[in-house]
Amino acid sequence: MNHSVLSQILALMKDGRVHSKESLVSALGTSAAMVDLMIEHLIRMRYVEPIGGDSARDLCALCDQDHGARTQCTLCRQQGRALLLTARGMKQAA
């Protein structure tokens, strides 16, 4: 496992915002496949939580897609497409 990329993902996500896989790929300048592997590892470690659907209703203000209105955003409607750093992940990122 590439611990440098894991640390970079945690550092990017410690702002408390909801992040999409696409935004992480762009910020890291790496492949979607690499980010997928890292995200799966972070989920198993309980550092990152995939969210979406009804569980994301109140998170629009934190969305890195910055749409501001839930009616304009499809990200939160698709389960598992948005990612949120857990409390455990915040500790690790600190």
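Position 40, counted from 1, in the sequence shown is what our numbering calls 23; the numbers after and before it change by one each time, with no gaps. Glycine included, every Cβ here is placed at the ideal spot set by N, Cα and C.
Continuous alpha helix (DSSP H) stretch holding residue i: start and end
i, result
"A76", "A70 to A76"
"R27", "A15 to R27"
"K4", "K4 to L11"
Residue i CB to nearest heavy atom of the ligand COA below 8 Å
i, result
"R29", "Inclusion of the ligand COA in the displayed structure is not the case, the ligand content being empty and no account of it being possible."
Cα-Cα separation between residue i and residue j, rounded to whole angstroms
i, j, result
"R0", "I22", "16 Å"
"L7", "K74", "20 Å"
"T69", "Q(-9)", "16 Å"
"T13", "E32", "21 Å"
"S85", "H24", "In the structure as shown, the chain starts at -16 and stops at 77, and residue 85 therefore has no counterpart that could be examined."
"M17", "N(-15)", "9 Å"
"K(-3)", "A15", "20 Å"
Cβ pair residue i, residue j closer than 9 Å
i, j, result
"A76", "A10", "no"
"L(-11)", "I34", "no"
"R29", "G72", "yes"
Candidates the options: closest to residue i by CA position
i, options, result
"D19", "S(-10), R71 and K4", "K4"
Short CB-CB distance (under 9 Å) between residue i and chain D
i, result
"Q(-9)", "Of the protein chains in the structure, only one exists, and it is not chain D."
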